[in-house]
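Enquirer: In the working numbering, the protein residues as written are 51 to 243. We put the beta carbon where it would ideally sit given N, CA and C, even for glycine. Computed from a predicted model, the values in this text were never measured in an experiment.
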Ligand SMILES: C[S@@+](CC[C@H](N)C(=O)[O-])C[C@H]1O[C@@H](n2cnc3c(N)ncnc32)[C@H](O)[C@@H]1O
């Protein structure tokens, strides 16, 4: 029996429910340049990555929920059906990879991080944005997702850092603001040698 997917249900109204706040902070953290390629994993409707299009045209949204991707396509974004655990890309494909509000929805977190790291280019940067489960509002979100049987699993920022193998990582940074945190990890250029 096919597994029920909440995001296929809410895809058509997702952007309407979840307005993106000021994207400048994320834009700054990602540090995208015009010649960079960006992969938005679990990018859904392209709500976030559409904000990056003014900087670089080379953006791919990967997500398992077809109805979410349909909205991304309407925005003119290149969209691919994929789970973060099995990314259909060669190693070292992207200069920047973002994963916004998605990590807690993934089934195999370890595998997802391995795949993300595999597809990141040397000199590239991974930015993961997640609800900060230490915060009361994020706890409320987690509770809501639990009663909706969303099978979410929330991790604190340190756990995301210690979970991945991140060979050739440098500049690991954690930033927390209210109910959100960001983990930023750069892959050093040494990997090119
Ligand atoms: C809360 S939405 C966030 C969408 C988008 N990143 C945003 O911030 O607007 C979570 C997304 O994660 C996707 N997702 C669920 N499981 C996934 C997995 N294993 N790999 C990649 N994405 C997944 C869902 O389909 C959904 O689009």
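Counting Cβ pairs closer than 8 Å, one from the region 163–176 and one from the region 185–197, do we hit at least three?
Expert: Result no; under three Cβ-Cβ pairs closer than 8 Å.
Enquirer: So what does DSSP say about residue 61, is it helix, strand or coil?
Expert: Residue 61 sits at position 11 when you count from the first residue of the chain shown. Residue 61 falls in the helix class under three-state DSSP.
Enquirer: Can you tell me the Cα-Cα spacing of residue 151 and residue 180, whole angstroms?
Expert: Sequence index remark: in the chain shown, residue 151 carries index 101 (1-based). Sequence index remark: in the chain shown, residue 180 carries index 130 (1-based). Rounded to the nearest angstrom, the two C-alpha atoms are 5 Å apart.
Enquirer: Among 186, 146, 92, which one has its Cα closest to the Cα of residue 105?
Expert: Within the chain shown, residue 105 is the residue found at index 55, counting from 1. For residue 105, the nearest C-alpha among the options comes from 146.
Enquirer: Can you check which of these residues, 121, 107, 76, is closest to residue 96 by C-alpha distance?
Expert: As a position in the chain shown, residue 96 is number 46, starting the count at 1. Ranking the options by Cα distance to residue 96, first place goes to 121.
Enquirer: Here's the rule I'm using: 16 or more other beta-carbon atoms within 10 Å means buried, otherwise exposed. How should residue 214 be labelled?
Expert: As a working mapping, residue 214 is identified with position 164 in the chain shown. Its Cβ being crowded by 16 or more others within 10 Å, residue 214 is buried.
Enquirer: Span of the alpha helix (DSSP H) holding residue 187?
Expert: If you number the chain shown from 1, residue 187 lands on position 137. Counting along the chain, the alpha helix (DSSP H) containing residue 187 begins and ends at 186–197.
Enquirer: Would you list the residues sitting across from residue 231 in a DSSP beta bridge?
Expert: Translated into the one-based positions of the chain shown, residue 231 becomes position 181. Looking at the DSSP assignment, residue 231 forms a beta bridge with 180, 226.
Enquirer: Can you give the Cα-Cα distance for residue 67 and residue 220, rounded to whole angstroms?
Expert: Translated into positions along the chain shown, residue 67 becomes position 17. Translated into positions along the chain shown, residue 220 becomes position 170. In a straight line, the C-alpha of residue 67 is about 37 Å away from that of residue 220.
Enquirer: By how many angstroms is the C-alpha of residue 201 removed from the C-alpha of residue 112?
Expert: Within the chain shown, numbered from 1, the residue matching residue 112 stands at position 62. Within the chain shown, numbered from 1, the residue matching residue 201 stands at position 151. Roughly 20 Å between the two C-alpha positions.
Enquirer: Suppose you measure from the CA of residue 137 to the CA of residue 165; what does that come to, to the nearest Å?
Expert: Along the chain shown, read from residue 1 onward, the residue named residue 137 stands at position 87. Along the chain shown, read from residue 1 onward, the residue named residue 165 stands at position 115. Distance between the alpha carbons of residue 137 and residue 165: 6 Å.
Enquirer: Tell me, to the nearest whole angstrom, how far the beta carbon of residue 38 is from that of residue 157; I am working on the premise that it is less than 8 Å.
Expert: Residue 38 falls outside the range modelled here, since the chain spans only 51 to 243, and no answer is possible.
Enquirer: In the DSSP assignment, what residue or residues form a beta bridge with residue 117?
Expert: As a position in the chain shown, residue 117 is number 67, starting the count at 1. Per DSSP, none; premise fails for residue 117.
Enquirer: Using three-state DSSP, classify residue 134 as helix, strand or coil.
Expert: Within the chain shown, residue 134 is the residue found at index 84, counting from 1. Coil, per DSSP.
Enquirer: Whole angstroms are fine: how far does the CA of residue 55 sit from the CA of residue 129?
Expert: Taking the first residue of the chain shown as 1, we reach residue 129 at position 79. Taking the first residue of the chain shown as 1, we reach residue 55 at position 5. The alpha-carbon atoms of residue 129 and residue 55 are separated by roughly 18 Å.
Enquirer: Following a CB-centred definition, is residue 135 positioned closer than 7 Å to any heavy atom of ligand 1?
Expert: Walking along the chain shown from the start, residue 135 turns up at place 85. Residue 135: yes, Cβ under 7 Å from ligand 1.
Enquirer: Take residue 232 as the anchor and find which of 224, 176, 140 has the nearest alpha-carbon.
Expert: For the purposes of this step, residue 232 is identified with residue 182 of the chain shown, where counting begins at 1. Residue 232 has its Cα closest to that of 224, out of 224, 176, 140.
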